[in-house]
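UniProt numbering puts the first residue of the sequence shown at 1, with every later residue one more than the last. Structure first, then comments.
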Amino acid sequence: MFRISLQTLRANRGTLAGAFVALWLGVTLAYGAGLLMAGALSAPGPGRFAAADAVVQADPEIATAEDESADVAPAPLLDAALVRQFAGGVGDVSFPVGAFDAAGRSVSPDPLSAHGWASAALTPYTLVSGHAPAGAHDVVADTRLPVGSHLRIATPAGESTYRVTGTVRGPAGPPTLFFTDAVASRLSGHPGKVNAIALASKSHTGVRPRCTSCTPDAYMNREAGLVAARRTAAGIAADPRLKVLDRAHAADADASDSRAADRVALIAIFGTMGGISAMVALFVVAGTFSLAIVQRRSEIAVLRALGAAPHQVRRLIAGEALIVSVVAGAFGILAGKPLAHAIVDVMADHGAVPPGFAPGTSWIPLVAAFGGGILVAQVAMFAAARRAGRTRPAEALREAAIERARPGVLQLGVGVLLLGGGVAMALLFKGTWAVAFAILEGMLLAAGVGLLGRALLGVPAALLAWPLRRFGASGLLASTGLAANRWRTAALATPVVLVAMLAGTQGIVQTSGQRDAERVTAKRVTAPFVVTGRDGAPLPDGTAERLAKLDGIAGIASARTTDIYPEKSVYAEDAPWPAAGLKATGKPTLDLQFTSGDLRGVHGDTVAVSHVFAQTGDLKVGDTFVARLADKSRHTLRVGAIYTRAAGLGDVVLADAPAPTAAIFVAGSRAALDRYAKGRNGVEVLTRGGYRTRVHAIGQENSWGVWMIVGLAALFAALALINTARMATSERRAELATIRLLGGTRGQRLRTAILESIPTTLVALLAGAAVVAISVHGIPLGLTGIPLAIPATILAAIAAGALALGLLTALATNLKHT
1 MFRISLQTLR ANRGTLAGAF VALWLGVTLA YGAGLLMAGA LSAPGPGRFA AADAVVQADP
61 EIATAEDESA DVAPAPLLDA ALVRQFAGGV GDVSFPVGAF DAAGRSVSPD PLSAHGWASA
121 ALTPYTLVSG HAPAGAHDVV ADTRLPVGSH LRIATPAGES TYRVTGTVRG PAGPPTLFFT
181 DAVASRLSGH PGKVNAIALA SKSHTGVRPR CTSCTPDAYM NREAGLVAAR RTAAGIAADP
241 RLKVLDRAHA ADADASDSRA ADRVALIAIF GTMGGISAMV ALFVVAGTFS LAIVQRRSEI
301 AVLRALGAAP HQVRRLIAGE ALIVSVVAGA FGILAGKPLA HAIVDVMADH GAVPPGFAPG
361 TSWIPLVAAF GGGILVAQVA MFAAARRAGR TRPAEALREA AIERARPGVL QLGVGVLLLG
421 GGVAMALLFK GTWAVAFAIL EGMLLAAGVG LLGRALLGVP AALLAWPLRR FGASGLLAST
481 GLAANRWRTA ALATPVVLVA MLAGTQGIVQ TSGQRDAERV TAKRVTAPFV VTGRDGAPLP
541 DGTAERLAKL DGIAGIASAR TTDIYPEKSV YAEDAPWPAA GLKATGKPTL DLQFTSGDLR
601 GVHGDTVAVS HVFAQTGDLK VGDTFVARLA DKSRHTLRVG AIYTRAAGLG DVVLADAPAP
661 TAAIFVAGSR AALDRYAKGR NGVEVLTRGG YRTRVHAIGQ ENSWGVWMIV GLAALFAALA
721 LINTARMATS ERRAELATIR LLGGTRGQRL RTAILESIPT TLVALLAGAA VVAISVHGIP
781 LGLTGIPLAI PATILAAIAA GALALGLLTA LATNLKHT
């Protein structure tokens, strides 16, 4: 049968070409997503510590409940005295800065970081001109800044003018500044502390503590390049708060780039991409192969009439599917890696991945994508050929001429199961859970609609096409064509349903979350002015106190954003919880809408909590709970107030927080604020409206990665629509030829194609809208529910794009055959 499969494959290459394209695109997308996921799951690499053998940091792990833990980021600070305990140890100090030229322009659109000069050798950065920093106002920058130039640099300790005494060349990335080690320690805002200790050994025989009484259990394997630090009984390494990272994981200790350590975000992004890609590929490939089998009803009927047994028909089709899937899979593997690298390049340009991130090199994505393509092809072929092989010869000939009225039992059962599962999930999940599962619910519902497409898409399209009979011969042909070929209508409408579901669901989810945060922020911030750092510069410590002393300032509230880790099982799943340290004096500038207590009750270890946090832990005013802060310090906190406007601020308000000041909300004279900001390039004064615009821009930037994923999947579905339309049109060549022989003109045939596409696309959009409505049903419900926001512009663009795509596809695929 395999030899016959080769012969029939050559005879049906036109029909199976569409299946080949669908499978090729599916494997390409799946392999690309798999490589990205492998990169996210793999070790982050040495990063800025490429010249070190190992890096010691404070252990970031926090136990949040029994058998539950979380990591704080960045890791807590280490005592600088610890550096002297290690031979070859270099203390790394990292802190954010803002740098501005003589004209007050920022030298980089990206966030800047600064370090002590000793850290330059850890990457390494190479001095190419000038000399190392030596004085209190010396700084070394990369080659984009000339030696001798002067910079105004804003740091956590204040803002001052520095002279560029040298330039260095290092890895690609945003500019990095180097001060003397003493100056860096002072400017960092935490003198006497380091973020990490990098260990190096020229002999590469091991890294040992300097103290001779210590018995280290840290050694480096020359071949593997691994260095591990063993705790000692006498000193440093006996401290369980320390963690040692080998070169493969050293970037996790880089406090200057939180994205390098934030693998969870990358895993979430690429995990979502992988899940959507797999579902879309499965969806489209299965549908295309099914369409290819349907188009061969006549051939299968003849084989059955000539005496071919059911298992022979199935083996014949399975052989064809195997050949097509192997070849298409090979081409997909070749295209998948360039696709993954292209996605990384685009995401890196938008700051969505850390510098140096690359797709993984694991063999698992290759096997999964290639094997998955073969498996999907075989399953799709089996499902489509199962009835064709079992049908009696006479009945097969009849069905080749007349479309079968209803789907098979298996197809019907799976379709109903998928629809039921999607609806059940939509009814079960509420609030944030509904947001998390909205896309999955939509996928299940769309898959169910596709399997039952002849009934849910074909019949409504045929009914909607009935008025087209008034548009002359073209309208009559379109109406009867839709009524007689519901399987074709379903095949063309299903990709549109998928596109509408993906873009519509994500649009509503994203818009609802962003508008809720913006709405709550607008109501919470009552201050007419907001002081923030300009272009990523930090606000120096003490800025709020200095502003409060200015003439004309009536009220101040400074906010430090942080995280909190409650030690209670009901909170563990969502840890860390966003929090903020608030210090307010004078006239109120924030309205948190307290339902119990007020901000005056927040002091010491007495905190305010959101109503979501309170109800989750069954807390009321006066109750206590145990939690750890971002510096891992453990506190018993007392609830002093409960508020409702938490979005964009946090679920716990502390009297203070171990974090830099993010924003200062000010009531008072704008002139006083402008005088203060004059000469301080790192300080920016925003109006209340300007701050709301900033919040909106940040929300848009944070959603970019998810929209890229959805856009990629939607593009794949659109290509699948074009491919399906080409297959469907090629199958109608005999029909088109008959119309021409009966006197039909080219214009009439094109008008028929256009009139057929309109009801098909409208029904697909309506079905997609129904799927979206069910998928987002639970978002406004429950304790964490938020109001639904309908992005009219996005939905209108989806509808217009789908109609345009349907019309253009119909015209393009029919021009060749008319």
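For glycine and all other residues, C-beta sits at the position ideal for the given N, C-alpha and C.
Find the nearest neighbour of A767 within the set G448, V324, A248, F178, judged by alpha-carbon distance. G448
Extent of the continuous beta strand (DSSP E) run through Q57: 54-58
One or two residues paired with A308 in a DSSP bridge: According to DSSP, which records beta bridges pairwise, A308 is partnered with nothing at all.
For a test of the three-state rule: what should DSSP assign to A40, helix, strand or coil? helix
What are the complete alpha helix (DSSP H) segments, minimum 4 residues, inside the UniProt domain "ABC3 transporter permease C-terminal" (708-812)? 733-741, 746-775
Could you give the distance in angstroms between the alpha-carbon of R628 and the alpha-carbon of G581? 14 Å
Whole angstroms are fine: how far does the CA of V379 sit from the CA of E68? 40 Å
From Y691 to L322, what distance separates their C-alpha atoms? 58 Å
Same chain, Cβ closer than 8 Å to A517, five either side skipped, listed in chain order: A647, G648, V695, G699
Reducing DSSP to helix, strand and coil, say where A321 ends up. helix
Assuming H611 contacts T661 (C-beta within less than 8 Å), just tell me the rounded distance between them. So it is not a contact: roughly 26 Å between Cβ atoms.
P216 versus A717: straight-line alpha-carbon distance, rounded: Because P216 sits at a pLDDT of 36, beneath the cut-off of 50, its placement in the model cannot be relied upon, and the following sentence gives the value as read from the coordinates. Cα to Cα, P216 sits roughly 58 Å from A717.
Which residues in the same chain have their Cβ closer than 7 Å to the Cβ of I343, if we skip the five residues on either side of it in sequence? G32, L36
Apart from the five residues on each side of it in sequence, which residues of its chain come closer than 8 Å, Cβ to Cβ, to T589? V525, T526, A527, G555, I556, A557, F665, V666, A667
For G332 and W707, which I take to be in contact (beta-carbon distance under 8 Å), what is that distance rounded to the nearest angstrom? At roughly 24 Å, the Cβ-Cβ gap does not stay under 8 Å, so G332 and W707 are not in contact.
State the Cα-Cα distance for the pair I754 and T616, rounded to the nearest angstrom. 55 Å
Contact under 8 Å by Cβ, A184 with G89: no
Alpha carbon to alpha carbon, how far is R534 from T693? Give it in angstroms, no decimals. 15 Å
Distance between W704 and V353 (C-alpha atoms, nearest Å): 12 Å
Drop a sphere of 10 angstroms on the beta-carbon of A229, count the other beta-carbons inside from all chains shown, and report buried for 16 or more, exposed for fewer. Its pLDDT being 41, under 50, A229 is placed unreliably in this model, and the value from its coordinates should be taken loosely. So A229 ends up on the buried side.
D252 vs L242 beta-carbon contact at 8 Å: no
With a CB to CB cut of under 7 Å and the five nearest residues on each side skipped, what residues in its chain are close to A426? E441, I774, S775, H777, G778
Express the C-alpha separation of G192 and A121 in angstroms, rounding to a whole number. 21 Å
DSSP-derived helix/strand/coil call for P111: coil
Helix, strand or coil for F429? Go by DSSP, reduced to three states. coil
Taking D71 as part of the beta strand (DSSP E), name the residues at either end of that continuous run. 68-71
According to DSSP, is Y691 part of a helix, a strand, or is it coil? helix
Any chance the region 564-576 sits against the region 56-75, with 3 or more Cβ pairs inside 8 Å? yes
If you compare alpha carbons, which of F370, D345, L306 is closest to V326? F370
Within 10 angstroms of the Cβ of residue 819, are there 16 or more other Cβ atoms? Answer buried if so, exposed if not. Lying before the first or after the last residue shown, residue 819 is absent from the chain, which here runs from 1 to 818.
Roughly how many angstroms separate the alpha carbons of A248 and A278, rounded to a whole number? 30 Å
To which residues does DSSP link K632 through a beta bridge? According to DSSP, which records beta bridges pairwise, K632 is partnered with nothing at all.
Terminal residues of the continuous beta strand (DSSP E) containing E573? Note, E573: premise wrong, no beta strand (DSSP E); not H, not E.
Helix, strand or coil, according to DSSP, for G555 in the structure here? strand
Limits of the unbroken alpha helix (DSSP H) element including V666: Unbroken run through V666 is the beta strand (DSSP E), 663-668; no alpha helix (DSSP H).
May I ask you to report which of helix, strand or coil DSSP gives R152? strand
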